[in-house]
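Written out below as structure tokens is the structure these notes cover.
As structure tokens, this is what we get:
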């Protein structure tokens, strides 16, 4: 996919981390007030807004989604979100993904707006929860969905018919994911998602301050590479919230393995959709919801 940026712009693309100065305050019984200070440089996970615009023949680019995200893999984030929303199915539906060249944008914002150009009109218009002025945050993925049927209605993927990972493979997935969390190593402030085969091979890993953004990036990476977006297991570093289960179902995943707990609605949705669901996954234990 090609990228478009304003000609002659000197704006610097934001990175996934930023430097900051901190004062680390450590317990020290020998200090007068019981505290010893250590001044040094630290890293923070970058948080910036991303506006996604959609266009197709006969329809000019218009805003369809705004979220807070960690910069990086922005095109994947836009494409993955559109896939999970049922707006695109494969790479053939996408004509171009580019940073916006709107001259009205401030230079520092030009890398915070992505336009997704479709070859044909999408199957449906994005819903009202997507087009609102403040449509999403780094913690919210399916705000406004009021029923399981509504969540399932956007699913584009066929039900997974392949092999699922064994319990022993599932238990090992969080550690494999953790080994590839480079931004987390530097900041401690981002979530991660990975796509795994039934044998436990991680095909792609992405990080973001938003757990649902990380999943969008994983799916977007596969879509923009022309690879199947569905696989045996989607593994996530946090909880198995409703929005993550919805995205896994929409992408046609076989299962979802989470380090944290599921919610009642996410379990209900997984059961209705036939998605394998594991929570509280560690090296020695995982819980299957059936």
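Residue numbers (our numbering): 3 to 292.
Virtual Cβ for every residue (Gly too), placed ideally from N, Cα, C.
query: Buried or exposed: where does residue 27 fall if 16 or more other Cβ atoms within 10 Å of its Cβ makes it buried?
result: As a working mapping, residue 27 is identified with position 25 in the chain shown. With fewer than 16 other beta carbons inside 10 angstroms of its own, residue 27 counts as exposed.
message: Buried or exposed, going by whether 16 or more other CB atoms sit within 10 Å of the CB of residue 127?
response: Walking along the chain shown from the start, residue 127 turns up at place 125. Under this definition residue 127 is an exposed residue.
message: What does the Cβ neighbour count give for residue 168, buried or exposed, with the cut at 16 atoms within 10 Å?
response: Within the chain shown, numbered from 1, the residue matching residue 168 stands at position 166. Counting Cβ neighbours within 10 Å, residue 168 comes out exposed, since fewer than 16 surround it.
Inter-residue spacing [alpha-carbon to alpha-carbon] between residue 74 and residue 52: Within the chain shown, residue 74 is the residue found at index 72, counting from 1. Within the chain shown, residue 52 is the residue found at index 50, counting from 1. Computed Cα separation, rounded: 11 Å.
message: Let's test the definition: count the other Cβ atoms within 10 Å of the Cβ of residue 257 and tell me whether it reaches 16, buried, or not, exposed.
response: Translated into the one-based positions of the chain shown, residue 257 becomes position 255. Residue 257 should be labelled buried.
- prompt: Among residues of its own chain, excluding the 5 on either side of residue 240, which ones have a beta-carbon nearer than 6 Å to its beta-carbon?
  reply: The residue given as residue 240 occupies position 238 in the chain shown. These residues qualify, in order along the chain: 193, 213 and 262.
task: Using alpha carbons as the reference points, say which of 87, 187, 235 and 264 lies closest to residue 198.
output: The sequence position of residue 198 within the chain shown is 196, counting from 1. Nearest C-alpha to residue 198: 235.
field: Buried versus exposed call for residue 24 [16 or more other C-beta atoms within 10 Å across all chains shown]
entry: Counting from 1 along the chain shown, the entry for residue 24 is found at position 22. Burial call: exposed.
message: Let me make sure I understand the geometry here. Which of 196, 200, 203 and 22 has the alpha-carbon closest to that of residue 209?
response: Here the question's residue 209 lines up with position 207 in the chain shown. Ranking 196, 200, 203 and 22 by Cα distance to residue 209 puts 196 first.
- prompt: Looking only at DSSP bridge pairs, what is residue 51 linked to?
  reply: Taking the chain shown and counting its residues from 1, the one referred to as residue 51 is at position 49. 70.
- prompt: With which residues is residue 111 paired in a DSSP beta bridge?
  reply: Counting from 1 along the chain shown, the entry for residue 111 is found at position 109. Note: residue 111 sits in no beta bridge, so no partner.
- prompt: Which residues in the same chain as residue 204 place their Cβ atom closer than 6 Å to its Cβ, once the five residues preceding and following it in sequence are excluded?
  reply: Within the chain shown, numbered from 1, the residue matching residue 204 stands at position 202. Contacts found: 178, 196 and 198.
query: Taking the DSSP output, what are the residues bridged to residue 222?
result: In the chain shown, residue 222 corresponds to position 220, counting from 1. DSSP lists no partner for residue 222.
query: Tell me, which residues are paired with residue 235 by DSSP?
result: In the chain shown, counting from the first residue as 1, residue 235 sits at position 233. For residue 235, which the question treats as bridged, DSSP gives the partners 198.
- request: Give the secondary structure of residue 117 by DSSP, where H, G and I count as helix, E and B as strand, and everything else as coil.
  value: By one-based count along the chain shown, residue 117 stands at place 115. Residue 117: strand per DSSP, three-state reduction.
field: Limits of the unbroken alpha helix (DSSP H) element including residue 170
entry: Locating residue 170 in the chain shown gives position 168, counting from the first residue. Counting along the chain, the alpha helix (DSSP H) containing residue 170 begins and ends at 169 to 180.
query: Assuming residue 265 and residue 243 make a contact with CB atoms under 8 Å, what is their CB distance in whole Å?
result: The count along the chain shown starts at 1 and reaches residue 265 at position 263. The count along the chain shown starts at 1 and reaches residue 243 at position 241. The beta carbons of residue 265 and residue 243 sit about 6 Å from each other, so the pair counts as a contact at 8 Å.
field: C-alpha gap between residue 40 and residue 189, whole angstroms
entry: For the purposes of this step, residue 40 is taken as residue 38 along the chain shown, with counting starting at 1. For the purposes of this step, residue 189 is taken as residue 187 along the chain shown, with counting starting at 1. Straight-line Cα distance between these residues: approximately 18 Å.
Simplified DSSP assignment, three categories, for residue 265: Against the chain shown, residue 265 aligns to sequence position 263. For residue 265, the secondary structure class from DSSP, reduced to helix, strand or coil, is coil.
query: At what residues does the beta strand (DSSP E) containing residue 248 begin and finish?
result: Position 246 of the chain shown, counted from the start, is the residue given in the question as residue 248. No beta strand (DSSP E) contains residue 248, which is instead part of the alpha helix (DSSP H) from 244 to 253.
message: Considering just the uninterrupted stretch of the beta strand (DSSP E) at residue 27, what are its terminal residues?
response: Start at 1 with the first residue of the chain shown, and residue 27 comes out as number 25. Element bounds for residue 27: 19 to 29.
Buried/exposed call for residue 233, threshold 16 Cβ in 10 Å: Counting from 1 along the chain shown, the entry for residue 233 is found at position 231. So residue 233 counts as buried.
query: Hey, how far is the Cα of residue 67 from the Cα of residue 166?
result: Locating residue 67 in the chain shown gives position 65, counting from the first residue. Locating residue 166 in the chain shown gives position 164, counting from the first residue. If you take the alpha carbons of residue 67 and residue 166, they lie about 33 Å apart.
field: Coarse secondary structure for residue 288, derived from DSSP in three states
entry: On the chain shown, residue 288 is found 286 positions in, with the first residue counted as 1. Of the three classes helix, strand and coil, the one that applies to residue 288 here is coil, per DSSP.
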